[in-house]
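Undergrad:
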Amino acid sequence: MSLETTGDLPDLSELIACPNCDALHLERDVAPGDTAYCVRCHAVLEAPRKTAMTRIIMLALAALILMVAAIFFPFLELEAAGRMHRSSLLDTIMAFSNGLTAPLTLAMVALIVVLPSIRFIALIYVLAPMAAGYPPARHAEWAFRIADHLRPWAMAEVFIVGVAVALVKVAGMAHIFIGPAFWAFVALVIVTVLKDNFMSRLTLWKTLERRRAS
Amino acid sequence: MEDTGTTPGVLTAKAAGLVGCVQCGRVNPAGTTTCGRCGSQVSTRDETSLQRVWAWLFAGLVVYIPANIYPMLRTQILGQESNSTIYGGVVDLLHHGSYGVAAIVFIASIIIPVSKFIAIAYLALSINHRVKLSAHTRHKLYEVVEFIGRWSMIDVFVVAILSSLVQLDFAASINPGIAAVSFALSVSFTMLSAESFDARLIWDADGDDDHNG
Ligand SMILES: [Zn+2]
Ligand SMILES: [Zn+2]
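One line per chain: the protein sequences are F and A, in this order. In terms of UniProt numbering, the first sequence opens at residue 1 and continues consecutively. In terms of UniProt numbering, the second sequence opens at residue 1 and continues consecutively.
As structure tokens, then:
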């Protein structure tokens, strides 16, 4: 429900401003499974889902474990002219580690491993205490803001498409063997996408505030 | 509500003299700078938004030029070195008959960055100038720009994977070229440019627009 004049303004805690277009809406409890849209720009305002918190925590945990597997198992193997070359995810990241391209190494580590991992850890830190019935952890608001800011910079899924393109490029000159780490990483991407689909930012913020107050 | 510059019938936090949070949707009292729910920095409208959008966009454009001129990949096969630029890489893929992959690289490295530059500049200009597209369409455009920007990074990852995989000493080796750095920077700068944009500005200019409702 939107408002039309300043005359009927209720208490501020009963209002929501659409993050996309600033339109004011009366806060109402959205039933789990329902989705509330902005009347003006039609962006999703709230989409509470039953057991969303538990699901996000489980998926974030799964993603962390997969990340560890992806780093340490062999990622890709290449055979050409009777020679084998094995490459792990770390090798891939370190490919930029010499010469002028060295700064890219840091960026790669960040985009593929560090930032996605920080996001998973931050989400678990914010949601796990609440899901277990405890009040939110200290600095939970800060951690949740970090997780949200990092979202566009965690590029695991972009990396996987990059791998696919690279495989096609070398397919003609060598035999490629796909290692277990590759599949771990693919699973990680799927889990990440699922997790982000369960997240309704406004709903989680409201829950956080309510639990903090009680 | 025409005088406050909002869509007829919808009151905005700004028009009501309040401060909405773009992070968590909370409505804060006038003059608030830190959101009471999530602790983000809040303002009625981010006044420096457009300046930052243009600054990052310009930076992204500047580093996009060397990204296209210098080699992205340095390939050594049996002692012979050849360099390929972004565009050269697409042409090579076409020669090998990999049309699908050539299309992916061409779209990710050339079409997306160029259209992103144009789209962001258009959105920024549309705030202070009257444009044809409605606020709804421009809002969609902004969402697309935000979503798609990171996918330009594909080619940088391809270079990294090839460089780590193809290291067979004399027989064949692939190393990254300097364009990989400037291209990665260009993608990052345009992402920052899009992030700096206060999307609410799109709707403010939308006063007596008739094609939305
Ligand atoms: Zn809206
Ligand atoms: Zn807030």
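Backbone N, C-alpha and C fix where the C-beta goes; we use that ideal spot for every residue, glycine too.
If the cut is a Cβ gap below 8 Å, which residues of chain F does VAL63 of chain A touch?
TA: As a working note, residue 63 of chain A is residue 63 in the second sequence. Going along chain F, no residue has its Cβ under 8 Å from VAL63 of chain A, so there is no contact; the nearest lies around 13 Å.
Undergrad: Using the rule of at least 16 other Cβ atoms within 10 Å of the residue's Cβ for burial, across every protein chain shown, is LEU104 of chain F buried or exposed?
TA: What you label residue 104 of chain F is simply residue 104 of the first sequence in a count that begins at 1. Buried.
Undergrad: Suppose you measure from the CA of GLY10 of chain F to the CA of GLY179 of chain F; what does that come to, to the nearest Å?
TA: By 1-based counting over the first sequence, the position of residue 10 of chain F is 10. By 1-based counting over the first sequence, the position of residue 179 of chain F is 179. According to the sequence as given, residue 10 of chain F is Pro; it is not Gly. For PRO10 of chain F and GLY179 of chain F, the distance between alpha carbons rounds to 59 Å.
Undergrad: Using Cβ-Cβ distances below 9 Å, what residues of the stretch 44 to 61 of chain F are close to chain A?
TA: Flagged, chain order: LEU45, GLU46.
Undergrad: Measure from the C-beta of PRO176 of chain A to each C-beta in chain F and report whether the shortest distance is under 7 Å.
TA: Looking up residue 176 of chain A in the second sequence gives position 176. True, the Cβ-Cβ gap to chain F drops below 7 Å.
Undergrad: Does the beta carbon of GLN167 of chain A come closer than 7 Å to any beta carbon on chain F?
TA: As a first step, residue 167 of chain A must be located in the second sequence, where it is residue number 167. By this cut-off, GLN167 of chain A is an interface position.
Undergrad: Closer than 6 Å by C-beta to GLY53 of chain A: which residues in its own chain qualify, once you throw out the five before and the five after it? Chain order, please.
TA: Within the second sequence, the letter at position 53 stands for residue 53 of chain A. Reading the sequence as shown, one finds Val at residue 53 of chain A and not Gly. Here the set comprises ALA124, SER193, SER196, PHE197.
Undergrad: Using only CA atoms, which one of F:MET58, F:ALA70, F:TYR134 lies nearest to THR207 of chain F?
TA: On the first sequence, residue 207 of chain F is found 207 positions in, with the first residue counted as 1. Checked all of F:MET58, F:ALA70, F:TYR134; the closest Cα to THR207 of chain F is F:TYR134.
Undergrad: Ligand 1 heavy atoms versus the CB of CYS21 of chain A: any closer than 6 Å?
TA: Within the second sequence, numbered from 1, the residue matching residue 21 of chain A stands at position 21. For ligand 1, not one heavy atom lies less than 6 Å from the Cβ of CYS21 of chain A.
Undergrad: Please report the residue range of the alpha helix (DSSP H) in which residue 278 of chain F lies.
TA: Summary: the structure shown does not reach residue 278 of chain F, with chain F confined to residues 1 through 214, and so no result is reported for it.
Undergrad: With a 10 Å radius around its C-beta and 16 neighbouring C-beta atoms as the bar for buried, classify ILE69 of chain A as buried or exposed.
TA: The residue given as residue 69 of chain A occupies position 69 in the second sequence. Burial call: exposed.
Undergrad: Closer than 6 Å from C-beta to any heavy atom of ligand 1: which residues, in chain order?
TA: After applying the 6 Å Cβ criterion, the set is F:CYS18, F:ASN20, F:CYS21, F:ALA23, F:CYS38, F:ARG40, F:CYS41, F:ALA43.
Undergrad: On the DSSP bridge assignment, give the partners of GLU46 of chain F in chain order.
TA: Locating residue 46 of chain F in the first sequence gives position 46, counting from the first residue. DSSP output for GLU46 of chain F lists F:ALA36 as bridge partner(s).
Undergrad: Taking its Cβ as the centre, do 16 or more other Cβ atoms sit within 10 Å of VAL163 of chain F, making it buried, or is it exposed?
TA: The residue you call residue 163 of chain F lines up with position 163 of the first sequence. Label assigned to VAL163 of chain F: buried.
Undergrad: Sorted by chain position, which residues of the same chain lie with C-beta nearer than 6 Å to ILE178 of chain A's C-beta, five sequence neighbours on each side aside?
TA: In the second sequence, counting from the first residue as 1, residue 178 of chain A sits at position 178. Once the five neighbours on either side are set aside, the close Cβ partners of ILE178 of chain A are TYR70.
Undergrad: Quick one: residues in its chain with C-beta nearer than 8 Å to the C-beta of VAL131 of chain A, no 5 flanking neighbours on either side, listed in chain order?
TA: As a working mapping, residue 131 of chain A is identified with position 131 in the second sequence. Same-chain partners within the cutoff: TYR122, LEU125, ARG138.
Undergrad: Inspect the beta-carbon positions of LEU24 of chain F and LEU11 of chain A and report whether they are closer than 7 Å.
TA: As a first step, residue 24 of chain F is located in the first sequence; it is residue number 24 there, counting from the start. As a first step, residue 11 of chain A is located in the second sequence; it is residue number 11 there, counting from the start. Yes, they are a contact pair.
Undergrad: Can you name, in chain order, every residue of its own chain whose Cβ lies under 8 Å from the Cβ of VAL145 of chain A, other than the five neighbours on each side?
TA: Here the question's residue 145 of chain A lines up with position 145 in the second sequence. The residues are LYS116, ALA119, ILE120, LEU123, ALA194.
Undergrad: Find out if the Cβ-Cβ distance for the pair ALA80 of chain F, ALA174 of chain F is shorter than 7 Å.
TA: Looking up residue 80 of chain F in the first sequence gives position 80. Looking up residue 174 of chain F in the first sequence gives position 174. Yes. Within cutoff.
Undergrad: Which residues in chain A have a C-beta closer than 8 Å to the C-beta of MET94 of chain F? List them in chain order.
TA: The residue given as residue 94 of chain F occupies position 94 in the first sequence. In chain order: SER164.
Undergrad: Just checking ARG212 of chain F against ligand 2 - is the residue's beta carbon closer than 6 Å to any of the ligand's heavy atoms?
TA: The count along the first sequence starts at 1 and reaches residue 212 of chain F at position 212. Checking every heavy atom of ligand 2 against the Cβ of ARG212 of chain F, none is found closer than 6 Å.
Undergrad: Starting from the Cα of ARG150 of chain A, find the closest Cα among F:ALA156, F:ARG145, F:ALA147, F:LEU204 and give me that residue.
TA: As a working mapping, residue 150 of chain A is identified with position 150 in the second sequence. Here the closest residue by C-alpha is F:ALA156.
Undergrad: Taking the beta strand (DSSP E) that ASN128 of chain A belongs to, which residues open and close that run?
TA: Residue mapping note: residue 128 of chain A aligns to position 128 of the second sequence, counting from 1. Taken as a continuous stretch (DSSP letters only), ASN128 of chain A belongs to no beta strand (DSSP E), being part of the alpha helix (DSSP H) at 112 to 128.
Undergrad: Using only the heavy atoms of ligand 2, determine whether one of them is closer than 6 Å to the beta carbon of ARG45 of chain A.
TA: What you label residue 45 of chain A is simply residue 45 of the second sequence in a count that begins at 1. No, the Cβ of ARG45 of chain A stays beyond 6 Å of every heavy atom of ligand 2.
Undergrad: How long is the line joining the alpha carbons of HIS149 of chain F and ALA128 of chain F, rounded to whole angstroms?
TA: The residue given as residue 149 of chain F occupies position 149 in the first sequence. The residue given as residue 128 of chain F occupies position 128 in the first sequence. Cα to Cα, the separation comes out at about 20 Å.
Undergrad: Count Cβ pairs between the stretch 94 to 114 of chain F and the stretch 193 to 211 of chain F that sit closer than 8 Å; are there 3 or more?
TA: With the cut-off at 8 Å, the stretch 94 to 114 of chain F and the stretch 193 to 211 of chain F do not touch.
Undergrad: Measuring only the C-alpha atoms, how far is ILE71 of chain F from LEU89 of chain F?
TA: Position 71 of the first sequence holds residue 71 of chain F. Position 89 of the first sequence holds residue 89 of chain F. One C-alpha to the other measures close to 5 Å.
Undergrad: If you draw a straight line from the alpha carbon of ASN212 of chain A to that of SER134 of chain A, how long is it in whole angstroms?
TA: If you number the second sequence from 1, residue 212 of chain A lands on position 212. If you number the second sequence from 1, residue 134 of chain A lands on position 134. Model confidence at ASN212 of chain A stands at a pLDDT of 41, short of 50, so the residue's coordinates are unreliable and nothing is read from them.
Undergrad: Looking at chain A, is there any beta carbon in it that lies within less than 7 Å of the beta carbon of ILE21 of chain F?
TA: Looking up residue 21 of chain F in the first sequence gives position 21. It is Cys, not Ile, that sits at residue 21 of chain F in the sequence shown. Yes - at least one Cβ of chain A is within 7 Å of the one on CYS21 of chain F.
Undergrad: Among the residues of its own chain, which have a CB less than 6 Å from the CB of ILE77 of chain A, if the five just before and after it don't count?
TA: For the purposes of this step, residue 77 of chain A is taken as residue 77 along the second sequence, with counting starting at 1. The answer, listed in chain order, is ALA172.
Undergrad: Rounding to the nearest angstrom, what Cα-Cα distance links SER117 of chain F and HIS129 of chain A in this structure?
TA: Translated into the one-based positions of the first sequence, residue 117 of chain F becomes position 117. Translated into the one-based positions of the second sequence, residue 129 of chain A becomes position 129. Cα to Cα, the separation comes out at about 42 Å.
Undergrad: Taking CB distances under 7 Å as the criterion, tell me whether ARG28 of chain F reaches chain A.
TA: In the first sequence, the residue the question calls residue 28 of chain F occupies position 28. Output row for ARG28 of chain F: interface = no.
Undergrad: Strictly by DSSP, which residues pair up with GLY20 of chain A?
TA: As a working mapping, residue 20 of chain A is identified with position 20 in the second sequence. A:VAL27, per the DSSP bridge assignment.
Undergrad: At a threshold of 6 Å, does SER200 of chain F count as lining ligand 2 (C-beta to nearest heavy atom)?
TA: Here residue 200 of chain F corresponds to residue number 200 of the first sequence, with the count starting at 1. It does not: the Cβ of SER200 of chain F is nowhere closer than 6 Å to a heavy atom of ligand 2.
Undergrad: Nearest-angstrom Cα distance between LYS169 of chain F and THR35 of chain F?
TA: Numbered from its first residue, the first sequence carries residue 169 of chain F at position 169. Numbered from its first residue, the first sequence carries residue 35 of chain F at position 35. When rounded, the distance between both Cα atoms is 44 Å.
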